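First up is the structure itself, then whatever we jot down about it.
In our numbering, the protein residues as written are 950 to 1663.
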């Protein structure tokens, strides 16, 4: 792969401009337009609790520092403190208590979000920059995770149909950080993290976060081994110019676990630990090497300029022997493997300034994004020994094998080779985008957000087997409109409308073909009405009602016939799906001792072509996590998650039953530098089914599990 020209241009642009979102505690971006001080006081973080379960403002929703209550969009945030209190390690843990957000199974090898009924493997961002390769992410270097719901194309570009997950990393910030954590517990979990940072002098600061984990699982034969390291360097280049440079190396090795099959419309009643297939022949590995540079400059006029570059190289392989449908007392198995290599290069430039006309204030933003993604994708199908027909009297096949339900772990050979339909592709995607935004304050009671983005998206895909080439070019216009009414300073009511698009190349830039390359992109339109109330400092309540429509979905043209009517298109575009819902949220400090996080979501989604319900979309979900500190040294946590029944796949043939799960924790501070922590997941040991990929890949939920944590700050 080659992207030297764009790489050089982006890095030179970053270096020429000067510095990132001004370094500050917790890696939070600088307030828009606020000058960065030349000298920063040194602060030593020593055994103190982080800020809590909520924040007053973020920058990712509008690219400017905007209070959450003034942002016309539903946003849920999982802070570092909440992640620590619940012992979270992965994004599947992070979304557990978020209303309207969940994780599908992802075939045991990737994160797959389901937000407002829309499923995606690509709507992931790091510090506002795209991180869209399929792998399972860790949160060892994360300050917070932001779930921004509804289409976000004005800020993030294509995709983001139901919303996005943005991870904000910890960065060097002229504070001292000296923290080490260790975690051990059920199924031989062993995990260590480190966070070390300090100023080098008045002009430079350094910070490094790291992680190593080696764990087994309640699922027979499933293991996880991963580690990561993320150093960052912050530089004060002038009185009003700062820069942060970072590098991350992340490695994840695990077994692809695709769960259990179904019978009679329900998950198969079997021991949760039973593995269907062969864990030894189901390895997954992912390698990520990412470089970041962010430059931020404040002008004397109050305007500011920010430039961010991310260059990331991904190497991902997975192989799986997995269950299919049942045939009496037999279960069919299938197998394949897939390798993806990708280089991502993105560069963003934002210019912000404020003007006042009469009594109206305009916070204006103009920006540009350039991106290039080069992908190689190679897949092979698995072949089992011959004479492996599942049904008596039918021809023998080698692409599937039936094994007894009493012994579903297959221990024989599988040969992997390319079939006539397996992918062997090389693709290049390019994007050039311009965007404008005006945040208008008419009075203390009325505000508005007006924005529009134009993306030029080009995709070239080559089939390496036969030399076929496919190309698409799309101009994606994505508006965003929001109106906010504030009857009081701490209360807001808003309405908003936004649009995003998904080109025919799909989430993973691999779906372009002769039949769809000329079709318009899919479109998602979101209408939302909501309210936010800061009940007290550090405690917020939110509510949002929405309707999300998906259109331009390609289906087979019923009028097409290669003999009698070959002149019509093979596919036509129809309205695809609609989801509607209500989300309620609570986060923050009820009192100085009591913190909460949770919410309720009512969701109703249907496929508008056949009237079926959307997959992985429960009608009702309820969650509430509490931490109460009885004394400065002793505290406890208690949480509950209820998820209603939902369908495993779009055909609505299999139902995952609803369940309630209880989690608990105990916290004991030995001294200013040492805290002990005990987390128990699924306290009542209730059997449940957490997620699904399809009707026969269903993940049993975790049985009761305990983890002992040691947190040291010095």
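Glycine residues also receive a C-beta, built at the ideal position from the N, C-alpha and C atoms. As the structure is a prediction and not an experimental result, all values here were calculated from the model.
By the C-beta criterion, the segment 1160-1171 is judged not to be in contact with the segment 1606-1619, since fewer than 3 inter-stretch pairs fall below 8 Å. Here DSSP, grouped into helix, strand and coil, assigns residue 1249 to coil. Nearest in C-alpha terms to residue 1626, of all of 1641, 1653 and 1658, is 1658.
Separation of residue 1266 and residue 1050 (C-alpha to C-alpha, rounded to the nearest whole angstrom) is 27 Å.
From the listed residues 1420, 1390, 1247 and 1226, the smallest Cα separation to residue 1305 is found for 1390. For the 9 Å CB-CB criterion, residue 1547 and residue 1454 do not form a contact. Residue range 1029-1035 is occupied by the alpha helix (DSSP H) that includes residue 1035. One Cα belongs to residue 1177, the other to residue 1009, and the distance between them is close to 25 Å. Scanning 1452, 1068 and 1212 for the CA closest to the CA of residue 1472 turns up 1452.
From the listed residues 1468, 1457, 1413 and 1441, the smallest Cα separation to residue 1422 is found for 1468. For residue 1154, the CB contacts under 6 Å within the same chain, skipping 5 residues up- and downstream, are 1121, 1123, 1148 and 1183 in chain order. In the three-state reduction of the DSSP assignment, residue 1195 falls in the strand class, which pools E and B.
In the DSSP assignment, residue 1389 forms a beta bridge with 1311 and 1397.
Within the model, the alpha-carbon separation for residue 1537 versus residue 1379 is close to 41 Å.
Burial state of residue 1583 is exposed, judged by a 10 Å Cβ sphere holding fewer than 16 other Cβ atoms. Rounded to whole angstroms, the Cβ separation of residue 1159 and residue 1173 is 17 Å, and the two are not in contact under 8 Å.
Close CB contacts of residue 1006 within its chain, under the 8 Å cut and outside five residues either way in sequence, are with 1014, 1015, 1016 and 1017 (chain order). Going by C-alpha positions, residue 1145 is about 8 Å away from residue 1129. The criterion of a C-beta distance shorter than 9 Å is satisfied by residue 1662 and residue 1622. When DSSP states are grouped into helix, strand and coil, residue 1105 belongs to the helix group. The criterion of a C-beta distance shorter than 9 Å is satisfied by residue 1066 and residue 1554. Rounded to whole angstroms, residue 1127 and residue 1157 show a C-alpha spacing of 10 Å. Among the bridge pairs identified by DSSP, residue 1591 is matched with 1571 and 1609.
With a beta-carbon spacing of about 27 Å, residue 1286 and residue 1340 fall beyond the 8 Å limit used to define contacts.
Put simply, the backbone Cα of residue 1062 is about 12 Å away from that of residue 1642. DSSP, reduced to helix, strand and coil, places residue 1348 outside both helices and strands of the structure shown, so it counts as coil.
For residue 1260, the secondary structure class from DSSP, reduced to helix, strand or coil, is strand. Secondary structure note for residue 1040: it is in no beta strand (DSSP E), and the uninterrupted alpha helix (DSSP H) holding it is 1040-1043. Only residues of its own chain outside the window of five on either side were considered, and among them 1239 and 1293 have a CB closer than 6 Å to the CB of residue 1261, listed in chain order.
For residue 1115, the CB contacts under 6 Å within the same chain, skipping 5 residues up- and downstream, are 1009, 1074 and 1095 in chain order. Ranked by Cα distance from residue 1039, the first of 1079, 1004 and 1084 is 1084. The beta carbon of residue 1483 lies closer than 7 Å to those of 1018, 1439 and 1489 in the same chain, with the five residues before and after it left out. Checking the DSSP bridge columns, you'll see residue 1176 partnered with 1161 and 1200.
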